Each structure stands twice: as structure tokens, then as C-alpha cells.
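Numbering (our numbering), first residue to last: 1202 to 1516.
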């Protein structure tokens, strides 16, 4: 009588086992704060981190704020406004980064935050970079924002999307006011230093910030003057006109950027992203008028609604 066949042994490679574990492991949870430029994303992210996500660490997704320098011009959140919340990928790079580059460095930042049992909070207005980080698979050759039909692959994380929105007419008014505030805060002097320092001008990323190309004709024509040099009154009228043209261009280009960003956000929503819209229009309308009601409207319409959504998200 022939001996029975030996039992079959299932042999699985190390990679098969790893892939299986990855499939079983739940996706990491990420809160994503989106919106056009100037809508208060940074402020909301800190509000959330200090109120309902005490373990949160903020990861920047504004492509210009990734680069070192021009902190006023690029609207990087000041240290005192961060209220002790850890911020990553702000002002850390000089060479220009692609969407694929950002995916790699932001993925590493997310993994680092998660490895320390903290909660990643992604914040920024660069929707192409947000898509690059979250989409899986990611194809750097395809543009999710072009074509007749919005399409997005699945997401590699479980996401809670918060979209801070302000009506375009009100936002345009606010952005114009914000440029004036930035100039009073030292934006012109910051750009003057930039244009008169060869080392800073060699950086390929920061030179795309709104404010740099607009003021370049001015500083090319009117470089920094040595104290006691040419009479400041010579050609003063033409100088003032050149300055005014630069400021006007900054305001127009900032408003155009906001409009494009809203269009991309709407495309992502149409592609299936579950974006929770927070209407901050009332708060911004009051802020433009310097009314005390601005804080109350921000709290009621943006912060309180966001806190409810985030608490439900984390269960």
C-alpha cells in the first residue's frame, strides 16, 4: 500500500505577508483643511489643534510656504499665532519642488507624526499638492484638474475634509485689504532686501511667490539707494506710479489665484471627495468693516461647526 501524500504546505513570501498586513490595517486618519488663499485655513487649523485635537501636528500644504524666506510676502503663520502647536514643512526648502517631491516629503512627515501617536492635520491651498499626497495610486503625468470629467483615484488615508469658503466678492475685498496690511507690516522692505541680496534671488522656489514678479520691474528701475545718495525727490511721481502698478498687480493676481483654487476644490468635490463646506463669508464681511462681530461669526460659523465634524470623525 502506497504511503499517503504529504500535506500541502502553503509558502508565502515576506512581501505577501507584508501586503496582507497592510490590507488588513485600517487607513490612518487625517484632517485636511482646504480653501482659497486668505480664507483663514491656518487660523482654523490652530483652533482645532488647541480645542479638539490636542495631539495634532500641522503639516503645510501651501507650495510657496514650503520655501525659505519672504515670510510676510508668503503669509507664513508667525510663531506667536501657532500657540505652541507643532508645524512641519514651513520654510524648509530652497529648490523648487514638484508634486511628486511633495508627496514623498509630506508622506514622511505624516508617518513621523503617526509614529509618535499624534494626529496629522494637513493645511494649505495648493490643491494639486493635496491631491498628490492623498491619491493612491498617484500618477505625476496626469492632471486631475484638466479634462471634461473630474476623476480622482481612491485615497490612501481616511480623510476629514474641511473646506473654508468665502464668497468671491467678499473674499476679493478682503484680499485687497490684506495686501495693504502686509505692506504696512513690512512686505515692501522684505522684498527690497530680497532683490538686493543675490543669494536669496538664486532660490528657485520662493521667486514664484506673488509679490516677487510684480515688484521686480520696480526694484530693477529703483534699486535700494545708498543713504545720502541721489535726491529722493528726483522722479518721485514716476516712482510712485511704478509702486502703485506693482501693488495693483499683486491684488489682481491674488484674487485670480483664489478663483483658480476654488475651481480646483469644486473639481475635487465633483470627483467624489466628501468636502464639508464651512461658510466664513459673514465673518469676513465683518472683518472688512472692522466690526467686533467678526470674531463671533468666525466662532459660530466656522470653529463650532468644524469641531462638531472633527469630533464625529474621530468617533
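Cβ coordinates follow ideal geometry from the N, Cα and C atoms, glycine included. Since the model is a prediction, treat every value here as computed from it, not as a measurement.
Here residue 1447 is not near residue 1423, since their CB atoms are 8 angstroms or more apart. For residue 1296, the closest of 1408, 1514, 1414, 1355 by C-alpha to C-alpha distance is 1408. Bridge pairing for residue 1231: 1360 [DSSP]. Taking C-beta separations shorter than 6 angstroms and ignoring five residues to either side along the sequence, the partners of residue 1228 in its chain run 1358, 1359, following chain order. Secondary structure at residue 1489: helix, using DSSP grouped into helix, strand and coil. Rounded to whole angstroms, the gap between the alpha carbons of residue 1414 and residue 1268 is 16 angstroms. In the DSSP assignment, residue 1321 falls within the beta strand (DSSP E) that extends over 1320 to 1324.
Of the residues 1304, 1319, 1347, the one whose Cα lies closest to the Cα of residue 1333 is 1304. In terms of CA proximity to residue 1510, 1475 leads the group 1492, 1475, 1490.
Across the set 1329, 1481, 1322, the C-alpha of 1322 shows the shortest separation from the C-alpha of residue 1289.
The C-alpha of residue 1499 lies about 42 angstroms from the C-alpha of residue 1439. Runs of alpha helix (DSSP H) with 4 or more residues, each lying fully within the segment 1365 to 1420, are found at 1369 to 1385, 1388 to 1396, 1399 to 1402, listed in chain order. When beta bridges are read from the DSSP output, residue 1480 appears opposite 1366. About 5 angstroms separates the CB atoms of residue 1380 and residue 1452; that is less than 8 angstroms, so the two are in contact.
Per the coordinates, the alpha-carbon of residue 1348 lies some 44 angstroms from the alpha-carbon of residue 1493. Taking the C-beta atoms as reference points, residue 1489 is found no nearer than 8 angstroms to residue 1454. Here DSSP, grouped into helix, strand and coil, assigns residue 1260 to strand.
Annotation: the continuous alpha helix (DSSP H) that includes residue 1311 extends over 1300 to 1316. In the structure shown, residue 1294 adopts extended strand secondary structure according to DSSP, grouped into three states. Here residue 1236 is bridged, per DSSP, to 1365. Residue 1285 sits away from residue 1365, with the two beta carbons spaced by 8 angstroms or more. Judged by DSSP secondary structure, residue 1251 falls within the alpha helix (DSSP H) whose first and last residues are 1242 to 1252. One thing to note: residue 1301 has its Cβ no nearer than 8 angstroms to the Cβ of residue 1257.
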